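Have a look at the structure below before the remarks.
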């Protein structure tokens, strides 16, 4: 083992220990509610990585991605709650949710194959809304989804008889429910990251990049554009479905309102903000945008500290600041916080013809 | 030209017509490309050369006519199916994957000749690893063949114009074609680059046994290299034969002089 | 039959509001290829500002006809919206013109969130109602009813759309806009200041949005800080349905979407034997949108993006 790889190993081990201890540190430092936020952040990382396959790798702008999260969540909720009196185990439900969501990905992807750019965006957005509206209204004439009330009392995930919904003592250490979910989500997030990395650097990943760059040339190079696009939709959707199932078990309650358009947009913001196509960037974006709105809840305390009393209700101010943060981050890092290698080169390249041409388009103003 | 009918016909274009709206871009064009020949396609601007190219490679569907390649008809095939049968192409206005490296561009060309799927990509088993290594090796060879291996890690869009054209040829070669169709491969090149390109094209035929279909404006360039030339004008074929025959064809002289006068 | 006519009338009224907002989307898209996500919010600001002025005037007991009061509200809303539109472009879009394609989309979403929340801080979370000062006349036509407000909306929309068409076709600015949309580069060489044209496009679109905002709040009698979101979404869908970048397409798409929605709401229950209620109205609209785009991927009047090799 040479110096360099030993160094990499040390970083890995340190990172591993850090991630393992994180919930305890957060619990001690910020409180139990922040462990739950941590869990949610991991779910969003999975979602963002799923959408990254569709948007970042294959270049297909999908504004209805949350629908697959919803499909996964409802899949779990309906088969593990008093709703139909079914209580299937999680190791059936999670793959099933991913599979069903993947099928939905193909189903909704098929009609969009000829569409480009913003047309694709609006159609996927439409599909997202259609699914949400159906979830909202399928309580009559036959009650399937329980409508706007949502599904209650969903079984917590339980592994080998160990329910993650309750505090457990293992090896003499007490783990609260959010702690337990943290470890499950962490493992699955690592799996999703691994799969994402492997896919990006593969024959399929190159084909995705090719259709993102130039669909006509890709087809002329022998890529079956239809199948490769559907594969991206299916793969992205199944990540979403997996995360959805986990969400349902974690929350114990879901309703259509959790799956509105704004959620799709947030996930898109995560990947663009972090750095589309770049896995560390996407992870950073997801964590940041999950944590930021929560952190902004503390503005109330800040106001008290600085001004003596709360001038503006923090819940009113929170989203405003969040909006400003989105704008500012984009203005200062238009390629994202951690741009992918391609984008970095795209922006830093001096003196390349295509770029000069592009620039001269807007030199017209001088 | 009935004399050219032979056993070795690779691509047979039969009475192809193409209309866009009311306008006829091609009218009853027939030609035969034989195995191992360099076939030139020339004609004034708007003669229908690129339209014919797009029909052969599956991008357009002809209004009438038939195309036979090796065994089967190409009618109704999609571009990726045509490619799989062994016809690869380059584009007049260069369509590289601009934000991928030169090497990655060529590796994409291997897509149709490799098999790894999702599962292989994720578990990266021995077969997949071997395939990836073979793709890399072959792609490097082709970059070397066209002479731009030293730029393999540069983004395609950062290459010089001539190198971009060469990269497009390497990418097309990566698909293991029997027929390589080049749409104005020498456009924008200086005389030295043209000379190198000509040598490359001839060596592709001589060393790899490829057949080539080349569109070019530069008549001198094409006369010097082609075995057989077809001339299009206003969507119709006006001449067909060896460079010598074409050069002496009254119809061709008239078309070119006419074009020049206008 | 009278239900049918009634739904067509309602649909056309709603559709002309969609069309006015859609025009704003499509003009910006035509020039910058940018989805101005915040455009719906500009409409909302227009509704809110005009309502504030109208309520204030009614509150102090100004002795003017209702129509004049509403026009005064509109006169206040238009410059505010123009200012908002101008500022959005300057601060959030212009610096990103050479950035990756999705970057301005994110700032647009950011602007949208900011405008919504500013509106919430100013006007609160509750619905604001439109004072009942407009004529409440109802007219019978082909067995259906049309109100004065509906007539006013239809007439005003037609006038604005004709005016806009005339402007784009005939005026210097219109010519500069079309030139810039074709190629900012060449237009620049010809002496067109692309930045000015872009600014003016935003200002113009925002003025239309202000009018649409007043119309929609007068029609429903309500305004709310969140109203811009769904309205913008529908209007953007309308622009895409018609073929984004195409002015006539935006109008056609808007009217069509309005009519489809109304008919859908009116008939969906009957058609499905009561299985699907009128709460599926939006499904219906999106479904038609998807269906149209499947067969005409560039919208109804959009230019066919031919594959050139």
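Chains as they are written, first to last, in my numbering: chain A, 29 to 394; chain B, 2 to 263; chain C, 303 to 611.
Ideal placement from N, C-alpha and C gives every residue a C-beta, glycine not left out.
Bear in mind the structure is a predicted one, so any value in this text is a computation, not a measurement.
- Here residue 35 of chain B is actually not in contact with residue 67 of chain B; their C-beta atoms are around 18 Å apart, not less than 8 Å.
- Taken through DSSP and simplified to helix, strand or coil, residue 281 of chain A comes out as coil.
- Within the same chain, 87 come within 6 Å of residue 179 of chain B by CB-CB distance, once the 5 residues on both sides are set aside.
- Secondary structure of residue 237 of chain B (DSSP, three-state): strand.
- Membership of residue 598 of chain C in any alpha helix (DSSP H) is not indicated, and neither H nor E is assigned to it by DSSP.
- Secondary structure of residue 213 of chain B (DSSP, three-state): strand.
- Taking a cut-off of 8 Å for Cβ pairs, the stretch 58-78 of chain B and the stretch 117-128 of chain B do not touch, as fewer than three such pairs fall below it.
- Residues of the stretch 90-115 of chain A with a C-beta atom less than 8 Å from some C-beta of chain C do not occur.
- Scanning chain B for C-beta atoms nearer than 7 Å to the C-beta of residue 252 of chain A yields 81, reported in chain order.
- Residue pairing by DSSP places residue 159 of chain B opposite no residue, since no beta bridge is assigned to it.
- Under the three-state reduction of DSSP output, residue 10 of chain B falls in the strand class.
- Residue 488 of chain C and residue 481 of chain C have their C-alpha atoms some 8 Å from each other.
- From the beta-carbon of residue 223 of chain A, the residues of chain B found nearer than 8 Å are 123.
- Interface annotation for the stretch 435-468 of chain C against chain A: empty, criterion Cβ-Cβ distance under 7 Å.
- The criterion of a C-beta distance shorter than 7 Å is satisfied by residue 106 of chain B and residue 157 of chain B.
- As the crow flies, the alpha-carbon of residue 343 of chain C is around 11 Å from that of residue 420 of chain C.
- In the three-state reduction of the DSSP assignment, residue 69 of chain B falls in the strand class.
- Contacts between residue 283 of chain A and chain B, judged by CB atoms closer than 7 Å, are missing: the closest CB pair is about 33 Å apart.
- In this structure, DSSP gives residue 362 of chain C a state outside helix and strand, which the three-state scheme calls coil.
- Residue nearest to residue 426 of chain C within the set A/119, A/343, A/325 and A/337 is A/343 (criterion: CA-CA distance).
- For the stretch 537-567 of chain C, there is no continuous beta strand (DSSP E) assignment of 3+ residues that stays within its boundaries.
- Remark: C-beta atoms of residue 231 of chain B and residue 42 of chain B approach each other more closely than 7 Å.
- Distance from the CA of residue 563 of chain C to the CA of residue 514 of chain C, rounded to the nearest whole angstrom, comes to 18 Å.
- Residue nearest to residue 96 of chain B within the set A/353, A/306 and A/245 is A/245 (criterion: CA-CA distance).
- Judged by DSSP in its simplified three-state form, residue 154 of chain A adopts helix.
- For residue 375 of chain C, same chain residues with a beta-carbon under 6 Å away, outside a window of 5 residues either side, are 352, 355 and 356 in chain order.
- If you draw a 10 Å sphere on the C-beta of residue 297 of chain A, you find 16 or more other C-beta atoms in it, and that means buried.
- For residue 16 of chain B, the three-state secondary structure derived from DSSP is strand.
- Membership of residue 182 of chain B in the beta strand (DSSP E) is indicated by the continuous run 180-184.
- With 16 or more other Cβ atoms inside 10 Å of its own Cβ, residue 140 of chain B counts as buried.
- The C-alpha of residue 240 of chain A lies about 5 Å from the C-alpha of residue 87 of chain A.
- The way I'd put it, the stretch 588-604 of chain C does touch the stretch 132-147 of chain A; three or more beta-carbon pairs between them come closer than 8 Å.
- The continuous stretches of alpha helix (DSSP H) do not include residue 442 of chain C, which lies in the beta strand (DSSP E) extending over residues 440-443.
- Interface residue (Cβ-Cβ distance to chain A less than 7 Å): residue 90 of chain B is classified as such.
- Counting along the chain, the unbroken beta strand (DSSP E) around residue 28 of chain B starts and ends at 24-35.
- Considering only C/534, C/566, C/522 and C/465, the residue with the shortest C-alpha distance to residue 429 of chain C is C/522.
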